[in-house]
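The structure under discussion appears below in the form of structure tokens.
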Amino acid sequence: MLQMIVEKEIYSFEELRELLDCFLSLNSPYHHELIVTAFMEIWNGVFVSARPKGN
Numbered sequence: 002m003l004q005m006i007v008e009k010e011i012y013s014f015e016e017l018r019e020l021l022d023c024f025l026s027l028n029s030p031y032h033h034e035l036i037v038t039a040f041m042e043i044w045n046g047v048f049v050s051a052r053p054k055g056n
């Protein structure tokens, strides 16, 4: 997932949400919790830590 985000240059919340919706629509509800968890880790690990201090 992270590789796809980097390759597609997805930098906004809206674009990430669209990708998440795509993953959820293509996969069984059985896997949704894992998919959402992975997206949250990517968001927190990459996007939140890259934000300038004080925001």
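Heads up: the sequence shown begins at 2 in the working numbering, then just goes up one per residue. For each residue, glycine too, the CB sits at the ideal point set by N, CA and C.
Output needed for residue i: all residues of its chain with C-beta closer than 6 Å, excluding positions within five of it in sequence on either side, in chain order.
i   : result
F24 : I36
L17 : I11
K9  : none
Quick check: residue i and residue j, are their CB atoms within less than 7 Å of each other?
i  : j   : result
M5 : A39 : no
Which first and last residues belong to the alpha helix (DSSP H) in which residue i is found?
i   : result
V47 : Segment: none, V47 is in no alpha helix (DSSP H) and carries neither H nor E.
H33 : H33 to I43
I11 : It is not in any alpha helix (DSSP H) - I11 carries neither H nor E in the DSSP assignment.
Between the alpha carbons of residue i and residue j, how many angstroms are there, rounded?
i   : j   : result
N28 : D22 : 10 Å
S26 : E19 : 11 Å
W44 : Y31 : 22 Å
Within its chain, find whatever has a CB closer than 8 Å to the CB of residue i; leave out the 5 residues flanking it on each side and keep chain order.
i   : result
V47 : L3 and I6
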